[in-house]
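Using this note's numbering, read the sequence shown as starting at 957 and increasing by one per residue.
Quick reminder that beta carbons are idealized off the backbone N, C-alpha and C, glycines included.
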Amino acid sequence: MQHSRRRSELKAFLRARRGALAPEAVGLPRGVRRLTPGLRREEVAALAGVGITWYTWLEQGRAINVSAAALARIAQALRLDATDEAYLFHLAGLPHAEPAARRIVLPCSLQGLLDLYQAPAFVIDPVFEVLAYNAMADRLYRFGDFHGRFARNHLWNAFMNPARRRLYAPCFEPGMLNLLGMFRMSHAAHPDDPRFDALIEALAEASPDFVELWERHAVAPLRAWDAHFCHPEFGEVRVHSNRFPLRDGQADGAVAFFFVPADAATAESFARMAARLRGEGEAAPA
């Protein structure tokens, strides 16, 4: 964006955000003589701890010195979210760090729950990074067999891991549309996590299938889904994929997947695999 256009946009942006912020939202009385629906310039200046003249010049787009600290206080005074604050810094020509992705911390007991479950179960974070899983899910998905920048990402593997593509072969397109629909909803709920854009850009460059399906703009709620897989050890399996959002403080945003057999053949397959895994565990050296 050219310098003059950036200053014009800065003027319009600050005025729009000031006009949209009701005085009651920042603890100020509206009064009976207020002519504008939003805050006055002097009110923003006072809330941000800057001079009224300096703020007026900033809103007029004049060539003045602007510090990151002062601009951050302006953003706070105007109740800007992280995306708007980053845009404000861009318009002012100042560097602004990308908002950091919030770290998901799972409850210590969750792994125990996954291990007790006698069918595939795993947990992903908002951008679909695999955080935890049980032995049955690992046998189905082979989480550690793929390498690279997005090795632990469930969506990346769905499109870029040949073994995962074979697993999903019986219903690849509807399954991927459901997965992408959930991913798009998660992206909307976490607009400030820069990992979403990085993953989307990488997939768009690497996978024509991703581009074709992503451009359908499917959305899907977080609810159960009937899935059909084909696996060299499990055989053909049909499951009810149950998805549960975690609501446990630092785990908020993570989603747990628990598979339930949808037919007798799948139940038998899971039982055989559970017995095999127990035998392998007992045979392993102490």
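According to DSSP, P1217 shares a beta bridge with V1195. With a contact defined as Cβ atoms closer than 8 Å, M1132 and A1114 qualify at about 6 Å. In the same chain as D1148, and ignoring 5 residues on each side of it, the C-beta atoms closer than 8 Å to its own belong to D1037, A1038, T1039, P1055, in chain order.
The three-state secondary structure of F1139, taken from DSSP, is helix. Using a C-beta cut-off of 8 Å, the stretch 1086-1096 makes no contact with the stretch 1126-1140, since fewer than three inter-stretch Cβ pairs fall below that distance. Going by DSSP, F1152 is part of the alpha helix (DSSP H) stretching over 1151-1162. The DSSP-derived three-state label of F1102 is coil. Here P979 is near E999, since their CB atoms are less than 9 Å apart. Cβ neighbours of H1173 within its own chain (closer than 8 Å, five residues either side excluded): R1140. Contact annotation: W1170 and N1134 have beta-carbon atoms that are not nearer than 9 Å. Nearest neighbour of L1233 by Cα position, chosen from P1076, A1218, L1111, M1138, turns out to be P1076.
Within the DSSP bridge table, the entry for E1085 names N1109 as partners. Going by DSSP, I1060 is part of no alpha helix (DSSP H) at all; its letter is neither H nor E.
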